Amino acid sequence: MKYLILVYSNPESWEHPMFVRDPGFLGLTEAERADVVREAEALHAEIVASGELVEGVALADPLTARTARPGDGGVTVTDGPYLETKEQLAGYFVVDCETPARAAEIAARFPDARLTAVEVRPIMTTGGEEM
Amino acid sequence: MTAPPAPAPTSAAVGELLRQLAPQVLGPLARRSARFEDAEDAVQEALLAATVQWPVEGLPDEPRAWLRTVAARRMADQLRSEVASRRREERDAAQTPADAHVTPGPDDESVAADDTLVLLLLCCHPTLTPSSQVALTLRAVGGLTTAEIARAFLVPEATMGQRISRAKQRIQTSGARFALPVGAEAPIRWAAALHVLYLIFSEGSTATSGADLHRPDLTAEAIRLARLVHRLRPDDGEAAGLLALMLLVDARRAARTRADGSLVPLAEQDRALWDGDRIAEGVALLTHALPRATLGPYQMQAAIAAVHAEAPSAEATDWRQVVALYGLLDTVAPSPVVTLNRAVAVAMADGPEAGLALLAPLADDDRLAGHHRLPAVRAHLREMAGDPAGAEADFRTAARLTTSLPEQRYLRGRAAALAPTTTIT
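Quick mapping for you: the protein sequence lines, in order, are chains F and V. Okay, so the first sequence: first residue is 1 according to my numbering, each after it adds one. Okay, so the second sequence: first residue is 1001 according to my numbering, each after it adds one.
Pasting the structure below:
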């Protein structure tokens, strides 16, 4: 079963990996920061080696986003992201896991889960079971 | 004097032949070398060489021997270069000549058969995750390439390659011996191997037909592997039962989906579309196995599928028989999913209230929490019981919970059909 992991971030400046620019991360001691970085790297290595990571993508600064939406006389495209919130989507991962619990475990181990939020959503399949 | 060369076979024919030969080539090499990972790599290289050469140059006189020779040579090269580098590093002159590991020995058919089965059991080793077992089985026993397996599971080749290489390393480091298991371990290992074939089959049978013509047909591959196991273990009733189950379920394939990909439930399927040959073969397998072998879950599920297959319509189904078989299955291999199916059968035999009573305890079952199947079945039974409002609510809940697009469309359709009609004035 495939899951989309959405990594939200609230960085002081837009630079990947995003969590290292988060005020929460910057408030940690040097040793604590080193631990967080190490755990993040270990998680990435683990899901690559296990064959669970399908795709991982880092997104550019929301400053570069353009949004298409209904406007006068049709669709208009404006500069900026859809949601004008402090927390922005920083990137996403697609993982293929044995269980929903495992997908949630992976999401919870992203450093961003401690700082902002990481959302995990099942990806729908085009096949179905006989009823 | 040399005979004129035979016409070169098509790529598809070569592919089919290679898939048959793959386990027969890997089996002996893995057994003699006791190095599963390296043997598997060497065989993949030999298969690749054959894929390229045979369609151009024609089949060698003895394709299997050709592959064995090429694979053994690759492996010897590999070992030699490893040994050489180790020697350079350690200045250790006391190494066994690499060829000693891969010298061909006598090979009769029973050894070859055992090799294939040992290979299957290794690929389904309990230290591997189910998805790795499936991937490795398809590659090492099924002879599919990593790219083909990746396409079948809709993941990038790199992801699938990683899964396979991790699985091979695990097998090599687990210290698993290249031998058939004995004693108490044997039935557990066989059950695990059959389960992997079952997983391959289910993955294939839920895939939308015709969505991607280049996607390997996992259903056909699972049936081919189940046939192989059944042929090599004719007295294993569960192997026969699994093959029968696959054939009987696959027989309904053409009736299961409409041209637009929407699902047709069993009760509404056009039974004229069912594959009579598949059904006859499945029933014959089961009829032969049931009185002779130890009864197990696959034979029971196949028996249920056979009752459906032999019924002229949903109403004319022998539901009492289905209820009895699900009751048996729920005793031998209890699971909430079996109870759900049993509840449907009980509702058909004894009325919806009896079915709903069976479902009641499942509401507290953690294994079904958040799953669409319980509300979907309950909706169906509530509809039968004349409770359209309750049924509609359950169909809507189920539609929200499923992660399958065609299931969602089906469940929403059922809910909409039950919604109170608004009178337009």
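Ideal Cβ placement from N, Cα and C applies to all residues, glycine included. Computed from a predicted model, the values in this text were never measured in an experiment.
Quick check on V/Leu1026: buried or exposed, where buried means 16 or more other Cβ atoms within 10 Å of its Cβ?
As a working note, residue 1026 of chain V is residue 26 in the second sequence. The residue is buried, with at least 16 neighbouring Cβ atoms inside 10 Å.
Under 9 angstroms (Cβ pairs) to chain V, residues found in the stretch 33-65 of chain F:
Contacts with chain V (Cβ-Cβ distance below 9 angstroms) from the stretch 33-65 of chain F involve Val48, Ala49, Ser50, Gly51, Glu52, Leu53, Val54 and Glu55, listed in chain order.
Going by the CB atoms, is the gap between F/Val95 and F/Ile47 shorter than 8 angstroms?
Taking the first residue of the first sequence as position 1, residue 47 of chain F is located at position 47. Taking the first residue of the first sequence as position 1, residue 95 of chain F is located at position 95. The answer is yes: Cβ separation under 8 angstroms.
Name the chain F residues whose beta carbon is nearer than 7 angstroms to that of V/Thr1129?
To locate residue 1129 of chain V, count along the second sequence from 1; it is residue 129. What V/Thr1129 touches in chain F: Glu98.
Tell whether a beta-carbon distance below 8 angstroms holds between V/Leu1340 and V/Arg1373.
Residue 1340 of chain V sits at position 340 when you count from the first residue of the second sequence. Residue 1373 of chain V sits at position 373 when you count from the first residue of the second sequence. Between V/Leu1340 and V/Arg1373, the CB-CB gap stays under 8 angstroms.
F/Gly91 to V/Ala1302 span [Cα, whole Å]
Translated into the one-based positions of the first sequence, residue 91 of chain F becomes position 91. Translated into the one-based positions of the second sequence, residue 1302 of chain V becomes position 302. Counting only the Cα atoms, V/Ala1302 lies some 47 angstroms from F/Gly91.
What's the gap between the Cα of V/Gln1172 and the Cα of V/Thr1137?
Taking the second sequence and counting its residues from 1, the one referred to as residue 1172 of chain V is at position 172. Taking the second sequence and counting its residues from 1, the one referred to as residue 1137 of chain V is at position 137. The alpha-carbon of V/Gln1172 is positioned some 15 angstroms away from that of V/Thr1137.
On a Cα-Cα basis, can you pick out the residue from V/Arg1031, V/Val1043 and V/His1195 that is closest to V/Ala1022?
Locating residue 1022 of chain V in the second sequence gives position 22, where the first residue counts as 1. Of all alpha-carbon atoms in V/Arg1031, V/Val1043 and V/His1195, the one lying nearest the alpha-carbon of V/Ala1022 is that of V/Val1043.
What are the residues that DSSP puts in a beta bridge with F/Asp112?
What you label residue 112 of chain F is simply residue 112 of the first sequence in a count that begins at 1. Its beta-bridge partners do not exist; DSSP assigns none.
Whether or not the stretch 1166-1184 of chain V and the stretch 1194-1206 of chain V are in contact is what I'm after, with contact meaning three or more pairs of Cβ atoms, one per stretch, closer than 8 angstroms; do they touch?
Touching, no, given that fewer than three Cβ pairs across the two stretches are closer than 8 angstroms.
As a quick exercise: from F/Leu53, F/Asn10 and F/Ala42, pick the residue whose alpha carbon is nearest that of F/Thr116.
Counting from 1 along the first sequence, the entry for residue 116 of chain F is found at position 116. Of the listed residues, the one whose Cα sits closest to F/Thr116 is F/Asn10.
Which chain F residues sit within Cβ distance under 9 angstroms of V/Thr1403?
On the second sequence, position 403 is the one that residue 1403 of chain V refers to. Ordered by position in chain F, the residues that pass the 9 angstroms Cβ test against V/Thr1403 are Met1, Pro122, Ile123, Met124 and Thr125.
Sorted by chain position, which residues of the same chain lie with C-beta nearer than 7 angstroms to V/Leu1358's C-beta, five sequence neighbours on each side aside?
As a working note, residue 1358 of chain V is residue 358 in the second sequence. Within the same chain, Thr1339, Arg1342, Ala1343 and Val1346 come within 7 angstroms of V/Leu1358 by CB-CB distance, once the 5 residues on both sides are set aside.
Would you mind telling me which residues of chain F sit closer than 8 angstroms to V/Glu1407, beta carbon to beta carbon, in chain order?
For the purposes of this step, residue 1407 of chain V is taken as residue 407 along the second sequence, with counting starting at 1. Within 8 angstroms Cβ-Cβ: Gly128, Glu129 and Met131.
What's the C-alpha gap between F/Val76 and F/Pro70?
The residue you call residue 76 of chain F lines up with position 76 of the first sequence. The residue you call residue 70 of chain F lines up with position 70 of the first sequence. Correcting the residue identity first, residue 76 of chain F is Thr in this sequence and not Val. For F/Thr76 and F/Pro70, the distance between alpha carbons rounds to 6 angstroms.
For V/Ala1220, which residues of its own chain have a beta-carbon under 7 angstroms away from its beta-carbon, when the five flanking residues on both sides are left out?
Here the question's residue 1220 of chain V lines up with position 220 in the second sequence. The answer is none, since no qualifying residue turns up.
Please classify F/Tyr82: does DSSP put it in a helix, a strand, or coil?
Start at 1 with the first residue of the first sequence, and residue 82 of chain F comes out as number 82. F/Tyr82 falls in the coil class under three-state DSSP.
May I ask you to report which of helix, strand or coil DSSP gives F/Asp93?
As a first step, residue 93 of chain F must be located in the first sequence, where it is residue number 93. Looking at the sequence provided, one finds Phe at residue 93 of chain F rather than Asp. In this structure, F/Phe93 counts as strand in the three-state DSSP scheme.
Using 8 angstroms as the cut-off, can you tell me whether the stretch 1286-1293 of chain V makes contact with the stretch 1326-1340 of chain V, which would need three or more C-beta pairs spanning the two stretches below that distance?
By the Cβ criterion, the stretch 1286-1293 of chain V is not in contact with the stretch 1326-1340 of chain V, since fewer than three pairs of Cβ atoms, one from each stretch, lie closer than 8 angstroms.
What in chain F is Cβ-close to V/Thr1317, meaning under 7 angstroms?
For the purposes of this step, residue 1317 of chain V is taken as residue 317 along the second sequence, with counting starting at 1. Per Cβ cutoff of 7 angstroms: no residues; V/Thr1317 is ~15 angstroms from chain F at best.
4 or more residues per run - each alpha helix (DSSP H) lying fully within the stretch 1254-1320 of chain V:
DSSP runs (the alpha helix (DSSP H)) wholly in the stretch 1254-1320 of chain V: 1276-1289 and 1297-1310.
State the start and end residues of the unbroken beta strand (DSSP E) segment that holds F/Ile5.
Indexing the first sequence from 1 puts residue 5 of chain F at position 5. Counting along the chain, the unbroken beta strand (DSSP E) around F/Ile5 starts and ends at Lys2 to Ser9.
Name the two residues that bound the continuous beta strand (DSSP E) containing F/Ala53.
Taking the first sequence and counting its residues from 1, the one referred to as residue 53 of chain F is at position 53. Per the sequence presented here, residue 53 of chain F reads as Leu, with Ala not at that position. Following the DSSP letters along the chain, one finds F/Leu53 inside the beta strand (DSSP E) bounded by residues Leu53 to Ala58.
What does F/Pro70 pair with, by DSSP beta-bridge criteria?
If you number the first sequence from 1, residue 70 of chain F lands on position 70. Bridge partners of F/Pro70: F/Val75.
Determine the closest residue to V/Val1141 out of V/Thr1421, V/Phe1153 and V/Asp1115, with distance taken between C-alpha atoms.
As a position in the second sequence, residue 1141 of chain V is number 141, starting the count at 1. Residue V/Asp1115 is the option with its Cα nearest to V/Val1141.
Could you tell me whether the Cβ atoms of V/Thr1403 and F/Pro122 are closer together than 8 angstroms?
The count along the second sequence starts at 1 and reaches residue 1403 of chain V at position 403. The count along the first sequence starts at 1 and reaches residue 122 of chain F at position 122. It is a contact, given that the beta carbons lie within the stated cut-off.
Let me know if V/Ala1076 comes out buried or exposed under the rule of 16 or more other beta-carbons within 10 Å of its beta-carbon.
To locate residue 1076 of chain V, count along the second sequence from 1; it is residue 76. By the neighbour-count rule (16 or more Cβ atoms within 10 Å), V/Ala1076 is buried.
Boundaries of the alpha helix (DSSP H) in which V/Pro1336 is found, first to last residue:
The residue you call residue 1336 of chain V lines up with position 336 of the second sequence. It spans Pro1336 to Asp1350 - the alpha helix (DSSP H) in which V/Pro1336 sits, taken as one unbroken run.
Under DSSP, the alpha helix (DSSP H) around F/Pro23 begins and ends at which residues?
Here residue 23 of chain F refers to the residue found at position 23 when the first sequence is read from its first residue. Unbroken alpha helix (DSSP H) run through F/Pro23: Pro23 to Leu26.
DSSP three-state assignment for V/Val1043, whether helix, strand or coil
For this step, residue 1043 of chain V is matched to residue 43 along the second sequence. In this structure, DSSP gives V/Val1043 a helical state, which the three-state scheme calls helix.
On the DSSP letters alone, give me the boundaries of the alpha helix (DSSP H) that V/Arg1233 sits inside.
Numbered from its first residue, the second sequence carries residue 1233 of chain V at position 233. In the DSSP assignment, V/Arg1233 falls outside any alpha helix (DSSP H), carrying neither H nor E.
Please confirm whether V/Leu1263 and V/Pro1028 have their CB atoms less than 8 angstroms apart.
Within the second sequence, residue 1263 of chain V is the residue found at index 263, counting from 1. Within the second sequence, residue 1028 of chain V is the residue found at index 28, counting from 1. Their beta carbons are not under 8 angstroms apart, which means V/Leu1263 does not touch V/Pro1028 by this criterion.
Burial state of V/Val1182 (16 or more Cβ within 10 Å):
Residue mapping note: residue 1182 of chain V aligns to position 182 of the second sequence, counting from 1. With a 10 Å radius around the Cβ and a threshold of 16 neighbouring Cβ atoms, V/Val1182 comes out exposed.
Are the CB atoms of V/Ile1164 and V/Ala1135 within a distance shorter than 8 angstroms?
Here residue 1135 of chain V is taken as the residue at index 135 of the second sequence, counted from 1. Here residue 1164 of chain V is taken as the residue at index 164 of the second sequence, counted from 1. Contact: yes.
V/Asp1038 Cβ short of 7 angstroms to the ligand MN heavy atom set
Inclusion of the ligand MN in the displayed structure is not the case, the ligand content being empty and no account of it being possible.
Please confirm if the stretch 1190-1199 of chain V is in contact with the stretch 1228-1237 of chain V, defined as three or more CB-CB distances below 8 angstroms between the two stretches.
Counting Cβ pairs under 8 angstroms, three or more are found: they touch.
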